[in-house]
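>
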Amino acid sequence: MYKRYITKSIVEALQDTPAILITGARQTGKSTLCQELIEKGSFEGPMITLDDPVTLLAVKNDPLGFLQDIGKHAIIDEVQRAPELFLSMKKLIDEDRKGRRFILTGSADVMTLPKVGDSLAGRIEMHTLWPLSQAEIHEKKPTFLETLVSAESRFSGKKTDWQQIMEAIKRGGYPEALERNSESRRYQWFKSYLTSVMQKDIRDLSNIEGLTQIPNILQLIATRVGSTINFSDIGRLAGIKTPTLHRYLALLEQVFMIHKIPAWTTNAEGQFVKSPKVILNDTGLLCHLRGEGVESLIENRTTAGVFFENFVVLEIIKQLSWSEIYLKPYHFSIHQGAEVDLVLEDRKKQIYGIEIKSTATIHEEDFKGLKKLSEVAGNKFRRGIVIYTGDQAVSGLAKNIYAVPVSALWS
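Residue numbering for the sequence shown follows the numbering used here, beginning at 957 and increasing consecutively.
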């Protein structure tokens, strides 16, 4: 069983927060994490799943009565299947704020559902459980974010073999997929997994017609990871209108299949590309959708570079989900051509730029975007990092710009 680094934040939240919501894609390990909380004595109470049809019917018929019957402490799994629970939960929490403790899990972002977000405002703390990070897989506690924001950035890392990186990308981070010991077995797992998400999780959220088109849209998104989204282009290829496409993309976001990264801009108008970038939530899933294996990625460095970017961005976002350091992810792009793959902004609006290169050597062209970001951001620019596949951390590429081995993300 893998140690999940988000557990510490959840245990701390239980001390002072009546409801904890753990969301994330199906099969990321939410139920396993909750079971572990019970086994280790961090939480006392029953664990109830709304995947059970009889239980779900009871909840829908009488949500308040159901909550009163299960006791003051309970874990409710797959809560997105019964949004009716939230108003009743609010009532019980308001009657006994210190005595009530609920852990809720959901394979969809229930806070985006109508009226749900408002019902528990100020009473609930939200956490996202992503597929396993490389740090969790290798049982290493990373210090990348701490080093990034420290006064003196002293990164460390070691050279990682390109084939090993491609193998990690191919495997992804879903615990069940990692247990499959061959590409053919992982292929079957991802195939069944996508069917389950499309037929169950998405249909729980929406009764709109045309849901059969969503797998095709996900496939189209997979061919454009790391790029800004051209909505009209995707809509044309899918044969649907742009408003419909936006609804379908929102559903894919709600079930955590895709993740949009907004554009970082300043008050200056005109020069910035404002469309979001999109990444998939797992590189193993990305490989499945694109039909790529380790050998094909090794043979095609251009394609592998796109997958490598998705991989690195995911690793950083996963670390942000459990870190005490607050940084919000963006991307940077201007119409003249300069861009930075990832921009992290703190509460003081200070920024850290991260450019991702699938090469073992660094050239001046590789940090051109970071220099432009530094120029645009002015004194808000703290540091720029080029993450690459080499074996040494290098300072002095330019003012406040460093090169850092990718292994620094998990070593």
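Where a beta carbon is used, it is the ideal one built from N, C-alpha and C, also for glycine. As the structure is a computational prediction, the values presented were derived from the model and not from experiment.
Could you pull out every residue in the same chain whose Cβ sits closer than 6 Å to the Cβ of K1126, ignoring the five residues on either side in sequence?
Taken in chain order, the residues that qualify are C1243 and V1250.
> What would DSSP say about M1122, mapped onto helix, strand or coil?
Helix, per DSSP.
> For Q1024 and L1060, I'd like the C-alpha separation in whole angstroms.
Those two C-alpha atoms are separated by around 16 Å.
> State the beta-bridge partners of E975 as determined by DSSP.
For clarity, residue 975 is Ala in the given sequence; the question names Glu instead. Bridge partners of A975: F1058 and I1080.
> Which residue or residues does DSSP assign as beta-bridge partners of Y1308?
Answer is L1300 and R1339.
> Which residue from R1142, G1334, N1223 and L1326 puts its Cα closest to that of L1245?
Ranking the options by Cα distance to L1245, first place goes to R1142.
> N1137: buried (16+ other C-beta within 10 angstroms of its C-beta) or exposed?
N1137 comes out exposed.
> Under 6 Å Cβ to Cβ from F1264, same chain only, skipping five residues before and after it: list those, please.
For F1264, where only same-chain residues beyond five positions count, the Cβ hits under 6 Å are S1314.
> Pairs of beta-carbons, one from the segment 1289-1297 and one from the segment 1217-1233, closer than 8 Å: are there three or more?
The segment 1289-1297 vs the segment 1217-1233: in contact.
> Just how far apart, CA to CA, sit Q1144 and E1248?
About 14 Å.
> Provide the residue span of the beta strand (DSSP E) that contains D1033, from first to last.
Note, D1033: beta strand (DSSP E), H1029 to D1033.
> Looking at the structure shown, is M957 part of a helix, part of a strand, or coil, going by DSSP?
M957 falls in the coil class under three-state DSSP.
> Buried or exposed for Q1090, going by 16 or more other Cβ atoms inside 10 Å?
By the 10 Å Cβ count, Q1090 comes out buried.
> Spatial neighbours of I1170 within its chain, please: C-beta separation below 8 Å, excluding the five flanking residues on both sides.
M1154, I1158, Y1204, L1207 and L1208.
> Look at the Cβ atom of V1181, then the Cβ atom of V1234, and state whether they are nearer than 8 Å.
For V1181 and V1234, yes; Cβs fall inside 8 Å.
> What's the C-alpha gap between K986 and D1074?
Rounded to whole angstroms, K986 to D1074 spans 24 Å at the Cα level.
> Counting only the same chain and skipping the five closest in sequence on each side, list residues whose C-beta sits under 6 Å from that of H1202.
Closer than 6 Å at Cβ, skipping near neighbours: no residue.
> Over the uninterrupted beta strand (DSSP E) stretch that includes V1262, give me the two end residues.
It is not in any beta strand (DSSP E) - V1262 instead sits in the alpha helix (DSSP H) that spans R1257 to W1278.
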